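Working notes for the structure below.
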Amino acid sequence: MGLLLVAQLERVGWWVVPDDSPPVIPFARWPGVSLVNPLAIQSVHTLHGNQRLSHLGAPDGETDSLTMCTDVLCCVMPGEFEGREPLERGELFFTALYERVPEILRQLRWSARSPLFPTRTAGSSHMGAFPSQSRADHRAPEFGGARSDRWHGPGMGGVV
Amino acid sequence: MSFENILGAADYTEGWEPPVYGWLLLDAILAWTSYDYKKSLILAAMAAETMAEAILQREYERLLGGDRPNTRMRFVEQGTSTAARELRDPVYSALIETQGSPKMKRLLHEAALYVLGRSLLIERQGLYDQIVRLYKTRNEILHGGGARYDTGGFFAHYRDVKNALRAVIDLCDWLGGPAGFALDDTPLLLDGWPAEKPTSKPPLPDAG
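Note that the protein sequences, when read in sequence, are chains Y and U. Under this note's numbering, the first residue of the first sequence is numbered 168, with each subsequent residue one higher. Under this note's numbering, the first residue of the second sequence is numbered 970, with each subsequent residue one higher.
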């Protein structure tokens, strides 16, 4: 079981997927991390949308938004979280979220020679920057986060 | 963003780092799509200058490290002591060390002709003029408080900045830099804005 990390313009989320579910592209820079063909998200959602890690704080109904994601970046980290305590898994997840995703986006932007991925909205994306808010604010209570109402909020996005 | 782009990104390995001028150009495009036109012009000019310098330097170092004697360059050993002596080309150094606006002209003409054996001024004077004009605009923004519209610089608006960015992308192609910078498919909310000015004024309301 791995974590599917989804970063979009103003949302960052996670869904649980079996390791062999999406067609993944090995990510050379970080062994164990893979990019997922965005086209596969629909099927991932269809097949495994209910297999979210509810203890990470994702409320019911959030998976619906996944079907609307067309310009998304996903990375799967199979095995990276196995054998870890839940608290440590959460820390690892947010480490990946905040440290790897900007770099992955940077590589994607360079590969496409375009500054605009993944957003298709003018003026909303900024290379390399990330929200200034403390990541603890966005962690689920089980992992020390203060937010319990939503698993993502306005402060999470806009610059991913 | 195509699937091929994703595949390309996945292939980057540890130590991967694109050229600085590439990021400057992407940031310039981003600023353009964000309607931050003066910033886009400044970044585009920086990208053009850094691009020319970097690609000329890369070629210079390739020639310097070549096995066969190079008859075009003037490599000589220089240094104050035997230990510090190194091979360099003082003509090249003089060509690229010029500061200020003439530097851009010199990079694109004399230095390019010397190192690459080609001159943008000779081969594509129109593009050469555009880049020099962009650099002049950059100086007007930074040192004159803003782009002045009476000096022939690029206007700080959508269409003119797009032309400036296109010129830098063309320069990158001419210099043999990375290809494929996306400009035309940018998802502007108001694509094509500002619209062409009407060719005639609307009729005045009847005075009666």
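Backbone N, C-alpha and C define an ideal beta-carbon position, used for all residues, glycine too. Note that the coordinates shown come from a computational prediction; the quantities given were computed from them, not determined experimentally.
query: Rounded Cβ spacing between PHE1124/U and ARG280/Y (contact assumed at less than 8 Å); result: At roughly 25 Å, the Cβ-Cβ gap does not stay under 8 Å, so PHE1124/U and ARG280/Y are not in contact.
query: Assumed close pair LEU1111/U, ALA997/U - CB separation to whole angstroms, cut-off 8 Å; result: With a Cβ gap of about 15 Å, LEU1111/U and ALA997/U do not count as contacting.
query: Bounding residues of the beta strand (DSSP E) (the contiguous stretch that carries GLU1018/U); result: From DSSP, GLU1018/U is part of no beta strand (DSSP E) but of the alpha helix (DSSP H) over 1006–1033.
query: Test: ASN974/U CB closer than 8 Å to a CB of chain Y; result: yes
query: Spatial distance of ALA1063/U from ALA195/Y (CA atoms); result: 42 Å
query: Residues, ordered as in the chain, of the segment 974–1003 of chain U that lie near chain Y by beta-carbon distance below 8 Å; result: ASN974, ILE975, LEU976, GLY977, ALA978, ALA979, ASP980, TYR981, THR982, GLU983, TRP985, PRO987, GLY991, TRP992, LEU995, ASP996, ILE998, LEU999, THR1002 and SER1003
query: Cβ neighbour criterion (16 or more within 10 Å) applied to PRO282/Y; result: buried
query: Candidates THR1002/U, ASP1005/U, ALA1017/U and LEU999/U: closest to GLY1146/U by CA position; result: ALA1017/U
query: Neighbourhood of LEU1121/U by C-beta distance below 7 Å, restricted to the same chain and skipping five residues each side; result: Residue 1121/U is actually Gly in this sequence, not Leu. These residues qualify, in order along the chain: ARG1102.
query: CB contact below 8 Å: PRO1147/U versus chain Y; result: yes
query: Nearest neighbour of ASP1005/U, chosen from ASP1129/U, ARG1043/U, SER1088/U and GLU1030/U [CA to CA]; result: ASP1129/U
query: Expected contact under 8 Å - CB spacing of LEU1077/U and ILE1091/U to nearest Å; result: At roughly 10 Å, the Cβ-Cβ gap does not stay under 8 Å, so LEU1077/U and ILE1091/U are not in contact.
query: Beta carbon proximity, ALA1151/U to chain Y, threshold 8 Å; result: yes
query: Reduced DSSP secondary structure (H/G/I, E/B, other) of LEU1056/U; result: strand
query: Continuous alpha helix (DSSP H) stretch holding GLU1092/U: start and end; result: 1089–1092
query: Coil, strand or helix - GLU1046/U by DSSP; result: strand
query: Alpha carbon of ILE271/Y to alpha carbon of ASN974/U, nearest angstrom; result: 12 Å
query: Bounding residues of the alpha helix (DSSP H) (the contiguous stretch that carries GLY1149/U); result: Here GLY1149/U belongs to no alpha helix (DSSP H), and DSSP marks it neither H nor E.
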